[in-house]
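These protein sequence lines are chains A, B and C, in that order.
Note that the working numbering has the first sequence beginning at 578, numbered continuously upward.
Note that the working numbering has the second sequence beginning at 17, numbered continuously upward.
Note that the working numbering has the third sequence beginning at 164, numbered continuously upward.
First up is the structure itself, then whatever we jot down about it.
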Amino acid sequence: MGKEEKQFDELSPNVQANGYRVVGTRPVRPDGIEKVTGKANFGADCELPGMLTGVVVRSPHAHAKILSIDTTRAMKLKGVKAVVTSADFPEIGPKQRGAGEAPVSFRDMSRNVMARDKALYDGHTVAAVAATTPAIAEKAASLIEVKYKVLPYVLDAREAMKSKAPVLHKDVFTKGVDPRPKKASNVTQRFEFGMGDIDAGFAEADVIVDHDFTAQCVHQGYIEPHACVANTTQDGMATVWCSTQGQFMVRNYCATVCGMDISKVRVLPAEIGGGFGGKTVVYLEPLAIVLSQKAGKPVKVVMNREDVFRATGPTSGGHAYCRIGAKKDGTLVAGELTMEYEAGAFAGSPVHLGCMTGFAPYVIPNSKSVGFDVVVNRPKAAAYRAPGAPVAAFAVESALDLLAKKLNMDPIALREKNAATEGTKAAYGPKFQKIGYVETLEAAKNHPHYSAPLGPNQGRGVASGFWFNIGGESSAAVHVNEDGTVEVVTANPDIGGSRASMGIMAAEVLGIDVSRVKPLITDTASSAYSALTGGSRVTFAVGQMVCVACDKVIVQLRERAAKIWDVEVDDVEWVAGSAVNRKSGKGETLSLAEIANVAGKTGGPISGQSSSDVQGAGPGFGTHICDVEVDPETGRSTVIRYTAIQDVGTAIHPSYVEGQLQGGAAQGIGWALNEEYIYDANGCLENGGFLDYRMPVASDLPMIDTVVVEVPNPNHRFGVRGVGEVPIVPPLAAVANAVSAAADVRMADLPISPPRLLAAIDGK
Amino acid sequence: MAKHHVNTTINGDQTEFLCDTEQTLLDCLRDELGLTGSKEGCSSGDCGACSVTVDGRLVCSCLVLGIEADGAEIGTIEGIAEDDDLHPLQKHFLKEAALQCGICTPGFIVAAKSLLEHNPDPTETEMRFWLAGNLCRCTGYDKIIKAVTSAAAEMRGE
Amino acid sequence: MTQTQFTAPTTVRSAVRCLAEGGKNPKVLAGGTDLLVQLRAGRVKPTTIVDLKKIPELKVIKTEKGGFRIGAAVAGAELNAHKAVKKAWPGLVEGLDLIGSTQIQGRASLGGNLCNGSPAADSVPALIAAAAACKIAGPKGVRHAKVESIVTGPGKTSLKKGEFIVSFFLPKRAKRSGDAYLRLIPRTEMDIAVVGAGVSLTVDAKGVCTDARVSLGAVAPKPLLVKAGAKALIGTTVDDDALEALAAAASAACNPIDDKRGTIEYRTKVAGVLAKRAALIALDRAKGK
């Protein structure tokens, strides 16, 4: 299997040095049994008595005025209980509120959930219906008559920026441009980040490389389609069961879109079958709520796979131009990045994040990153694992590859020469604290993969990547049961094994066995607010709150022990899961369980809660090595070896950390080689299924070796850095650099599908 | 036409249900029988999340009509565990963290069990090609292959 | 709303009758791996579904006149397990085995793969290269036809109303024969063929090709029998020159489209590459390697 097998239970040097007892080990996850026996309940697994089925009616046009919607025939069909259109949702004025990883326009969101005057992409929701059976609901949907005036459409960012392009919104005047344009356009905003003077910088350069790159928009590809059940009662309460990355986000967004008080919406998170950022928004939930209100019954709405592709946010595709200047010895002196990202039908691509992250791993005294957010007739972009960063890194890391070749310098050595370290001021603003980028380059350089021989038609590519990771508003509660077991209650859906990590951290702080800790994920009515699962923040920020809540529990445990022993609380120390009496000299102890057994007699239930806007997230860096073999007669590429190296701070549960590295790498490989959206002559999606939207299957990939580097984040109890997003940032360039080496031709346009590669090889 | 009355065996238990002609076996398992362990990822046989066995053969239940279950023996994820004991595949998936979100896991376990019945000592390549019809977006397949390898070794008595 | 009828006859004759009485749009069901996808997507609205899998003649694999008779509803996994067919026609079995996943293999059939009428069907080029024939049943009785005459265009067959394929006949295999099927897909599994090439050939004791059939899939509105390809091989030792001529003939026979799976240019070029590679594998097999 992997090239040098670590012992499965081996502890990392960081873990050993800190003497952690549970952190850094690999216990079986607490929610595992349900998942391997099919008993875990995901979004579509909820059944309520009297439940109706909801079906969504979607625009078949890429861009069209909605002239009228006639629901009469649908309403007459026996079994139909409710029909909704935009008339059932309040008009929302321009109001901006921060949420998740990007500022949110509720006006745009509500128009995305339900089109108002215009359909802006093939698949845009125009109506929905609820009926007693799926078959009746489907039939009713087909009876809803929508009259459209079809308009010309545009799908590509650069095309959409041209003066003759069809304009999607009459009220979009480019922000970030001075003077403000007088004409509406498809460019919603211009962003700029940088430092120094790039003209002076390039003037100093001995060597300059530049290239234009393109990447297609790709879907997060979660295997579980969006699904929810909404149940409303006559007192105006709505209870929603859904697959989501953030139950508080769903509550907030539904309340706003449906025009309800937040307290009237209660959201219960189901197990989530993949999100990767794509489930940080709502599509079906507001529809289900209003259908349920009108029908007086619970309504289940589940997307089919084609609708997932047609109508849910992929990440942005776009163009990136990159120019880099360096001295003969490889010192970078100037960097320029100009990007145009497709936001989809409404503003909000992550182009600004691309601008902020592209050069972040490097010390470049003069840099300028400019980004344009451009609307096009595609579904509204949603977050996808390190949104914005992969495409920017594709450009920068490919350009560095070109530079390394021009300088005849080893690509890792080039990066080492310019690596950001503690104290480096990033082009997007802050000074880095302790970071582990250099350590990942070290590990890559010394890895056997890097020096393994290559055969004919094989090539090796290296690339690095960066992601900020975030903290944010988080909450956790820890309750001690009468028998000494402990409930750790959080409100962040588990998308990658975070329950296991919460349990481990609580067990470590409390000093008890991890089997005595029960992590739970609860609903919006049963926890203080916590921002959604995303931004690689849960193990870091929610974990920090778990630790602080456990600290509070320990204070109470010591107080109870002090009471039992009749000493001062300062005379009681908490050691290895027990209170120790330091006053008596005899060293009596009381275990957590013993104290818990009599909690009722010493003051009542023992419980701790902590909420905060957690700061101090540790940025993450990764370096990947990829070997590809190319068939020069057919243009097929095969990834034959892959190593993902990343600084994770401290791996709380190493298996799940490795899993993040492997999963992100696999998604990046798919993005680089085969994934893309294909539209027909009418701007309608042609490949809305897993047959022709080609994600990697098991036989497409080799084992993905991982190296978990640990440079602990000083701002977390156990040194945690976010892990989940960094791994998708390097692979696009790692693969492209490998193919370019194998085929001896630069591949700058993704995906590198066989027809594209063969054409490039033949065109040499 | 009235609904079909289907008599079948599911995980060894005699079972009956009513269905329309157009309901798939997946629809029937989930909606008529409450066996929601088999998942719907695509309805076109491309993701394997609905994998079951019909008369011992591995199939996508989204591509079998419910009525075809009449007189057949159906095996689903709910029948993999041996009473109180987990099947070696289930144990190793847990031990080796071969799942992250878990939505593809039932399909993989049913498919892997079928593989090991067919070939108790598969190579890595044979495993990957047998399991190519089961999509996973979270793991990159690495730990899944490792878990199947370990389970296979345990089942061979090694 | 009227429901789709369903019936599972146990003889060919009663199946013919069920189709005749099956309303405006009766459909046969074997593995269902195409029909159910189309049903779910609303692309087909049958009045009756006639399940053919309970008819023994459609599920049998047996020897006949030195060759093989394979029921049209035999699943790929069942054919793959049949040692004798696999030994005589490894390319054909490979082709059927490449369709979809293991799960699809549990159901997909030769009859369904052919009659779905996709020019990219994986089992068809090898069937054509094998000079296979179909036995067809219908209201006017039983008839036989060459496989290459069945698909007439994308999604269209030459079967008349109420007809269905009962079985396939693979002729007796001459000594020193071999076949192979290769396809180009971007991933390693699960994709529809962008190009498919099936080659069957026979060599004499001196290694000279005495008979050959070459077939291409996914490069024209229907699967092709490339007679010029066979001509390029017969009488040669399948050396480099012959292979180049074969590749040229294969590319020349292409009449593909640009679609979401490939371009005209790409398909034309790769058809030649795959024809050569398939011929070499068939040659090795013919020589007993």
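Where is the CB? At the ideal position from N, CA and C, for every residue including glycine.
Beta bridge counterpart(s) of residue i as assigned by DSSP
| i | result |
| --- | --- |
| residue 746 of chain A | Bridge partners of residue 746 of chain A: none, in fact. |
| residue 344 of chain C | C:361 |
| residue 189 of chain C | C:211 |
| residue 306 of chain C | C:299 |
| residue 772 of chain A | A:944 |
| residue 121 of chain C | Since the first and last residues shown for chain C are 164 and 452, residue 121 of chain C lies out of range. |
| residue 75 of chain B | B:68 |
Cβ-heavy atom distance, residue i to the ligand COA, below 7 Å
| i | result |
| --- | --- |
| residue 708 of chain A | Only the bare structure without any ligand can be found here, which leaves the ligand COA out of the picture. |
is_contact[residue i, chain A] using C-beta, thresh 8 Å
| i | result |
| --- | --- |
| residue 345 of chain C | no |
| residue 116 of chain B | yes |
| residue 33 of chain B | no |
| residue 159 of chain B | yes |
| residue 394 of chain C | no |
| residue 425 of chain C | yes |
8 Å Cβ cut-off: residues of chain B touching residue i
| i | result |
| --- | --- |
| residue 352 of chain C | 145, 148, 149 |
Rounded C-alpha distance that separates residue i from residue j
| i | j | result |
| --- | --- | --- |
| residue 613 of chain A | residue 171 of chain C | 36 Å |
| residue 97 of chain B | residue 86 of chain B | 24 Å |
| residue 911 of chain A | residue 1030 of chain A | 34 Å |
| residue 1238 of chain A | residue 211 of chain C | 50 Å |
| residue 150 of chain B | residue 169 of chain C | 30 Å |
| residue 896 of chain A | residue 792 of chain A | 7 Å |
| residue 158 of chain B | residue 894 of chain A | 28 Å |
| residue 141 of chain B | residue 1279 of chain A | 9 Å |
| residue 979 of chain A | residue 1095 of chain A | 52 Å |
| residue 944 of chain A | residue 786 of chain A | 14 Å |
| residue 164 of chain B | residue 100 of chain B | 21 Å |
| residue 405 of chain C | residue 437 of chain C | 14 Å |
Interface residues of chain A facing residue i [CB-CB closer than 7 Å]
| i | result |
| --- | --- |
| residue 127 of chain B | Going along chain A, no residue has its Cβ under 7 Å from residue 127 of chain B, so there is no contact; the nearest lies around 10 Å. |
| residue 156 of chain B | 1239, 1240, 1242, 1243, 1278, 1281 |
| residue 111 of chain B | 605 |
| residue 97 of chain B | 614 |
| residue 139 of chain B | Under the 7 Å cutoff, chain A gives no residues; its nearest Cβ is about 11 Å from residue 139 of chain B. |
| residue 122 of chain B | 615 |
Residue i at chain B interface by Cβ criterion, 8 Å
| i | result |
| --- | --- |
| residue 169 of chain C | yes |
| residue 373 of chain C | no |
| residue 689 of chain A | no |
| residue 281 of chain C | no |
Interface partners of residue i on chain C, CB under 8 Å
| i | result |
| --- | --- |
| residue 102 of chain B | The premise fails here: residue 102 of chain B is roughly 23 Å from chain C at the closest Cβ pair, so nothing lies under 8 Å. |
| residue 1330 of chain A | 349 |
Residue i - containing alpha helix (DSSP H), residue span
| i | result |
| --- | --- |
| residue 1043 of chain A | It is not in any alpha helix (DSSP H) - residue 1043 of chain A instead sits in the beta strand (DSSP E) that spans 1035–1044. |
| residue 754 of chain A | Unbroken run through residue 754 of chain A: none, as it is neither H nor E. |
| residue 846 of chain A | Not the alpha helix (DSSP H): residue 846 of chain A falls in the beta strand (DSSP E), residues 842–846. |
| residue 1244 of chain A | 1231–1250 |
| residue 179 of chain C | 175–183 |
| residue 572 of chain A | This structure does not reach residue 572 of chain A, given that chain A is present from 578 up to 1341, and the question cannot be answered. |
Start-to-end residues for the beta strand (DSSP E) that takes in residue i
| i | result |
| --- | --- |
| residue 232 of chain C | 230–234 |
| residue 262 of chain C | Run containing residue 262 of chain C: none; DSSP gives neither H nor E here. |
| residue 35 of chain B | 29–35 |
| residue 1082 of chain A | Run containing residue 1082 of chain A: none in the beta strand (DSSP E); it sits in the alpha helix (DSSP H), 1075–1087. |
| residue 1190 of chain A | 1184–1191 |
Within chain C, the residues that residue i reaches when beta carbons sit closer than 7 Å
| i | result |
| --- | --- |
| residue 83 of chain B | 169 |
Interface partners of residue i on chain C, CB under 9 Å
| i | result |
| --- | --- |
| residue 20 of chain B | 169 |
Beta carbon proximity, residue i to chain C, threshold 8 Å
| i | result |
| --- | --- |
| residue 164 of chain B | no |
| residue 1271 of chain A | yes |
Proximal residues of chain B, C-beta to C-beta of residue i below 7 Å
| i | result |
| --- | --- |
| residue 1268 of chain A | 60, 62 |
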